[in-house]
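Structure first, then comments.
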Amino acid sequence: MDFENYYEISLVADFINAHNFSRVALQFPDELLKDSRKVVSALRQELHRLLKNSDESRATAKLYVMADTTYGGCCVDEVGAAHVKADCVIHYGHSCLSP
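Its first residue numbered 12, the sequence shown is counted upward by one per residue in our numbering.
In structure tokens, the structure reads:
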């Protein structure tokens with residue numbers, strides 16, 4: 012599977028764009044952190060493309076990488092997301108699905 016499909020770049024960008032999120036936290040577990048810069052770059056390109064092709068005039072969402080979850084990368088870091096005032100968290104990697 013290629014990079015764009017693995018990280019679902021188009022799907023994530025469409026989701027961010029459709030909901031007009033302005034601050035998006037991208038959470039990576041340690042084992043995927045090496046790809047975070049490339050994910051951010053690909054998402055920015057796709058978000059710019061989506062905005063360019065629309066008739067809306069709004070700013071592209073700001074993307075924040077969260078990679079400091081010491082308790083486990085499987086749980087969504089709501090506290091970290093709150094620190095950057097994120098509208099949305101995109102969680103990459105495995106999930107334990109705890110409430």
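Ideal Cβ positions, reconstructed from N, Cα and C, are used throughout, including at glycine.
Just to confirm, does Ser33 get its C-beta within under 7 Å of one of the non-hydrogen atoms of the ligand FAD? No copy of the ligand FAD appears in this structure; indeed no ligand is present at all.
Length of the line joining the Cα atoms of Leu62 and Phe26: Taking the first residue of the sequence shown as 1, we reach residue 62 at position 51. Taking the first residue of the sequence shown as 1, we reach residue 26 at position 15. Going from the Cα of Leu62 to the Cα of Phe26 covers about 13 Å.
Using the DSSP secondary-structure output, state which residues sit across from Lys45 in a beta bridge. Taking the sequence shown and counting its residues from 1, the one referred to as residue 45 is at position 34. BP columns for Lys45 are empty, so no partner.
Neighbourhood of Asn28 by C-beta distance below 7 Å, restricted to the same chain and skipping five residues each side: Reading the sequence shown from its first residue, position 17 is the one you call residue 28. If we look at Asn28 and ignore the five residues flanking it on each side, its Cβ neighbours are Leu58 and Leu61.
Of the residues Val95, Leu44 and Gln56, which one's Cα is nearest the Cα of Val23? Here residue 23 refers to the residue found at position 12 when the sequence shown is read from its first residue. Val23 has its Cα closest to that of Gln56, out of Val95, Leu44 and Gln56.
Can you give me the C-alpha to C-alpha distance between Arg34 and Ser47, rounded to a whole angstrom? Numbered from 1 along the sequence shown, position 23 holds the residue referred to as residue 34. Numbered from 1 along the sequence shown, position 36 holds the residue referred to as residue 47. When rounded, the distance between both Cα atoms is 16 Å.
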